[in-house]
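One structure below.
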Amino acid sequence: MNGVWKSIVWGGVTIFILSGCATMSARQRSIWEGATMGAIIGGGGGAVLGNHDDDRSDRDKGALVGIVAGGIIGGFLGAMQEPTEKQIVVEPAPMVEPEVAKLAPQPTRKPYKVKVIQTPETAPPSAPAQVETATTLPSIAVVKERIVLRGINFYFDKSEIKPEFTPVLDEAARILNQRSDLREVIIEGHTCWVGTDKYNQGLSQRRADAVRAYLVRKGVRAKRLTTIGYGESRPLADNNTWKGRRMNRRVEFKVMGE
Amino acid sequence: MPIQQWPEECKSRYNLPRLGLLILTLVLALPAPLLAVDEQTVYRTFQTFAKEWMTSLDDTSRRNLHLAGQRPAQPGVIHNRYACYGPECEIWIKKIDSAQTPYLGFIRYPEKHYRKKINPTGKEPVVQDVLLTTFPVTEIFRFTDNRWVH
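Line by line, the protein sequences are chains A and B.
Here my numbering is used: the first residue of the first sequence is 16, the next is one more, and so on.
Here my numbering is used: the first residue of the second sequence is 2, the next is one more, and so on.
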């Protein structure tokens with residue numbers, strides 16, 4: 016094996032190993048993987064194109080240009096790649112509730128800033144003619160509040176929540192631990208319509224179970240939490256659009272009351 | 002000096018493909034904190050993000066209202082239930098101790114459930130919107146890799 020090919024192979028292996036670094040975010044990992052593939056393909060292609068005669072310098076230059084160009088292009092392509100719905104696999108819920116006393120509540124922080132904004136150039140729907148009183152409704156459990164967690168992310172084929180998502184779950188646990196009035200909480204998993212019904216239903220259930228397991232580990236009483244995976248059956252918005260699909264992918268808490 | 006004129010010793014010592022890979026590695030390995038932004042900037046970006054998000058929710062409300070107003074072919078009084086979101090909202094951000102996700106963003110708005118009653122029996126169809134329930138919704142987003150992830 017000559018020097019060029021050795022360089023390409025070892026360089027690719029080095030970058031590939033680095034790309035598996037546990038501290039990298041999904042985006043960084045994606046960039047690395049793209050750059051690795053680009054560098055290997057570009058380096059190989061450049062060496063071949065530069066190998067029109069026996070001049071080693073031409074071959075080296077070709078490989079160098081190929082590696083750099085391929086790496087940059089691959090890196091950009093990797094950066095543009097969004098994690099897909101299918102990259103979400105979750106952990107099963109533990110059956111044992113931990114001792115609440117062992118977990119100290121997180122200190123309360125005041126919000127940085129609160130500001131009321133109006134949606135531009137929009138208006139609420141036509142004003143209701145009347146408000147239906149409670150006496151006309153049957154006495155059943157109704158939704159008192161919704162908390163929606165966005166940016167959910169789990170490792171592919173592993174039962175582990177990605178670290179970048181845990182702050183959102185920690186905040187949810189803090190809210191549930193602080194507010195004792197939120198007694199009955201349903202954790203719902205929802206997906207967009209990409210994928211089969213069966214896959215999405217299972218996926219959303221596993222997501223909801225994983226979130227419940229995490230919250231229980233953070234001191235939320237397991238008895239307060241139930242899970243339902245709705246899959247793609249309860250979209251918030253139109254699944255035909257990208258904006259709609261992103262709104263439909265969610266884990267949400269429904270706080271129930273009478 | 003052109004590469005071809007480099008002394009052979011240099012060529013072998015600083016193998017060009019390896020050098021290229023090294024430079025590429027260093028460029029791509031720039032840590033995210035070097036690109037970190039301050040809290041005010043993060044808040045401004047969240048304002049922009051929240052406006053876009055609320056506009057999407059408003060589109061959804063309009064769609065729900067439109068669908069609820071559709072009348073089937075059969076005669077009779079129709080009751081359709083639908084949900085609307087916002088349009089008013091509160092937003093805030095919270096700094097947290099996480100290198101990967103240094104901020105969380107919150108949007109809080111009301112969700113209103115209506116029942117639309119359509120009575121098409123007369124000359125002019127009678128449409129009545131009845132508010133059934135309203136409750137708050139809090140959406141939590143994370144700021145990872147200098148962008149709001151949803």
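Beta carbons are placed, not taken as given, at the ideal position from N, Cα and C, and that holds for glycine.
Checklist entry - Thinking just about the alpha-carbon of each residue, which of B:Gly87, B:Arg82, B:Thr56, B:Gln129 is nearest to the one in B:Tyr115? => result B:Arg82
Checklist entry - CB-CB under 7 Å to A:Gly166, same chain, minus the five flanking residues each way: which ones, in chain order? => result Phe180, Val183
Item to check | Inter-stretch contact (C-beta, 8 Å, three-pair minimum) for the segment 40 to 50 of chain B and the segment 231 to 248 of chain A | outcome: no
Item to check | Sub-8 Å separation of B:Cys90 and B:Asn65 beta-carbons | outcome: no
Checklist entry - Quick one: is B:Pro103 buried, meaning 16 or more other Cβ sit within 10 Å of its Cβ, or exposed? => result buried
Checklist entry - Would A:Ala187 count as contacting chain B if we go by Cβ distances under 8 Å? => result yes
Next on the checklist: Short of 8 Å Cβ to Cβ, which residues in the segment 125 to 143 of chain B face chain A?
Outcome noted: Gln129, Asp130, Val131, Leu132, Leu133, Thr134, Phe136, Pro137, Val138, Thr139, Glu140, Ile141, Phe142, Arg143
Next on the checklist: For the segment 196 to 207 of chain A, list every residue whose C-beta sits within 8 Å of some C-beta in chain B, in sequence order.
Outcome noted: none
Checklist entry - In angstroms, rounded to a whole number, what distance separates the CA positions of A:Asn255 and B:Ala69? => result 19 Å
Item to check | Rounded separation between A:Ile56 and B:Ile24 - CA only | outcome: 17 Å
Checklist entry - If we call anything under 8 Å between Cβ atoms a contact, is A:Ala252 one with B:Thr61? => result yes
Item to check | Alpha-carbon to alpha-carbon, B:Ser57 and A:Met262 | outcome: 9 Å
Checklist entry - Which residue comes first and which comes last in the alpha helix (DSSP H) that contains B:Gly70? => result That residue, B:Gly70, is in no alpha helix (DSSP H); it is neither H nor E in DSSP.
Next on the checklist: Is there a C-beta anywhere in chain B that falls below 8 Å from the one on A:Leu240?
Outcome noted: no
Item to check | Per-residue DSSP class, three states only, for A:Glu160 | outcome: strand
Checklist entry - Is any beta-carbon of chain B found at less than 8 Å from that of A:Met52? => result no
Checklist entry - Could you give the C-beta distance for A:Val270 and A:Leu197, rounded to a whole number, given that I count them as a contact under 8 Å? => result 5 Å
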